[in-house]
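Sequential numbering from 3 applies to the sequence shown in the numbering used here.
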Amino acid sequence: MQLLISMGGNSMYKELLESQGYDVNTATTSAFVQQRNKILPSALEFLFHKFTQTYTDIKHYRGYRLLAVDGSDLHIATDSADTDTYFQSQPNTKGYNLLHLNAAYDLCSRLYVDAIVQPRRLCNERRALADMVDRSSIKDKTIVTADRGYESYNNFAHIERKGWNYVIRVKDLDSNGILSGLRLPSGGTFDMDVYLTLTKKQTKEIKAHPEIYKFVPSTSTFDFLDLHENLFYPIFFRVVRFVLPSGA
Numbered sequence: 003m004q005l006l007i008s009m010g011g012n013s014m015y016k017e018l019l020e021s022q023g024y025d026v027n028t029a030t031t032s033a034f035v036q037q038r039n040k041i042l043p044s045a046l047e048f049l050f051h052k053f054t055q056t057y058t059d060i061k062h063y064r065g066y067r068l069l070a071v072d073g074s075d076l077h078i079a080t081d082s083a084d085t086d087t088y089f090q091s092q093p094n095t096k097g098y099n100l101l102h103l104n105a106a107y108d109l110c111s112r113l114y115v116d117a118i119v120q121p122r123r124l125c126n127e128r129r130a131l132a133d134m135v136d137r138s139s140i141k142d143k144t145i146v147t148a149d150r151g152y153e154s155y156n157n158f159a160h161i162e163r164k165g166w167n168y169v170i171r172v173k174d175l176d177s178n179g180i181l182s183g184l185r186l187p188s189g190g191t192f193d194m195d196v197y198l199t200l201t202k203k204q205t206k207e208i209k210a211h212p213e214i215y216k217f218v219p220s221t222s223t224f225d226f227l228d229l230h231e232n233l234f235y236p237i238f239f240r241v242v243r244f245v246l247p248s249g250a
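The structure is reproduced here in structure tokens:
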């Protein structure tokens, strides 16, 4: 296990040779792969979480832990049979396989606190964020920062229910993002509080008051609403629009 997590960017056999001091009896690549295949993915996940939990030099920004969440594609060995990760731009071109890494990083402590790896064709960054928030053992005051791919009422709700705060970049007013359906100034800079009641119902009362109610369609994920018991979900957030140094 120690060798597996400490390997560099060399070929596997060179890594094996270096780890054994170039001993003539160094195990072959084939033998190593056979033994590696016996290790469950959950073992590496367990080791990762145990390692991060032992780190105690936690740093804060004005009393808060700052967690940055983002995702990135990872190239893995080519395997056309793995349809959940395999991509091929043209029929006669060489294909490739991708995984998608979702990671939560403590900016002040310089520590990865969680990660979820998904097959690229099945990746869901928003769900990964919600899952990492829900399963976190962090009790400190925390601010989650994320880019536009993570904007969703569901993520806002998961973070709020955790007792955390968030700063998430969202798509601009003229897009199809969250802001497009809100009553906000048509341009310029502003700082406004938004109070909404989310619902899956579509009654006349709800349709008549878009300033109060926000309809959540069945195509959108929201884990705390249904059409039977949990009919309404109040939510509050602040929208800040400002000009970047580039003028955008």
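Glycine residues also receive a C-beta, built at the ideal position from the N, C-alpha and C atoms.
Please name the residue, chosen from the options, that lies closest to residue i on a Cα-to-Cα basis.
| i | options | result |
| --- | --- | --- |
| HIS77 | LEU100, LEU113, THR56 and THR85 | LEU100 |
| MET3 | GLU20, PHE34 and VAL26 | PHE34 |
For residue i and residue j, which I take to be in contact (beta-carbon distance under 8 Å), what is that distance rounded to the nearest angstrom?
| i | j | result |
| --- | --- | --- |
| ASP149 | MET134 | Wrong, their Cβ atoms sit about 15 Å apart, outside the cutoff. |
| LEU229 | VAL218 | Incorrect: roughly 11 Å between the Cβ atoms, too far for contact. |
| GLN22 | THR30 | Not really, about 12 Å apart at Cβ, beyond 8 Å. |
| ARG67 | THR144 | 5 Å |
From which residue to which residue does the alpha helix (DSSP H) around residue i run?
| i | result |
| --- | --- |
| THR54 | 43 to 55 |
| ASP133 | 127 to 137 |
| PHE34 | 31 to 38 |
| ALA210 | 206 to 210 |
| PHE238 | Run containing PHE238: none in the alpha helix (DSSP H); it sits in the beta strand (DSSP E), 234 to 243. |
| PHE158 | 155 to 163 |
Determine the direct distance from the alpha carbon of residue j to that of residue i, and round the result to whole angstroms.
| i | j | result |
| --- | --- | --- |
| ASN232 | LYS203 | 11 Å |
| VAL169 | GLU207 | 32 Å |
| ALA106 | ILE60 | 15 Å |
| HIS51 | ARG64 | 26 Å |
| THR85 | THR205 | 43 Å |
| ALA70 | LEU113 | 10 Å |
| ARG185 | CYS110 | 36 Å |
| THR221 | ALA83 | 30 Å |
| ASN156 | PHE224 | 5 Å |
| ALA257 | ALA210 | Lying outside 3 to 250, the shown extent of the chain, residue 257 is not represented and no answer is given. |
| SER32 | PHE53 | 29 Å |
| VAL146 | ASN167 | 6 Å |
| GLY11 | GLU213 | 55 Å |
| GLY165 | SER138 | 12 Å |
| ILE118 | ILE41 | 18 Å |
| LYS173 | GLY183 | 12 Å |
| TYR24 | ILE180 | 58 Å |
| ARG171 | ASP72 | 12 Å |
How far does the beta strand (DSSP E) with residue i in it reach, from first residue to last?
| i | result |
| --- | --- |
| LEU100 | 98 to 108 |
| TYR114 | 113 to 121 |
| MET9 | Where MET9 is concerned, there is no enclosing beta strand (DSSP E), given that its DSSP letter is neither H nor E. |
| ALA148 | 144 to 148 |
| ASN167 | 167 to 170 |
| ARG67 | 67 to 78 |
Is the closest heavy atom of the ligand HEM to the C-beta of residue i under 8 Å?
| i | result |
| --- | --- |
| SER188 | The model on display carries no ligand, and the ligand HEM is accordingly not part of it. |
When you compare the segment 240 to 247 with the segment 187 to 205, are there three or more beta-carbon pairs, one atom per stretch, that lie closer than 8 Å? With a cut-off of 8 Å, the segment 187 to 205 and the segment 240 to 247 count as touching, because enough Cβ pairs lie within range.
Measuring CB atoms only, is the segment 76 to 96 touching the segment 118 to 132, in the sense that at least three cross pairs come out at less than 8 Å? yes
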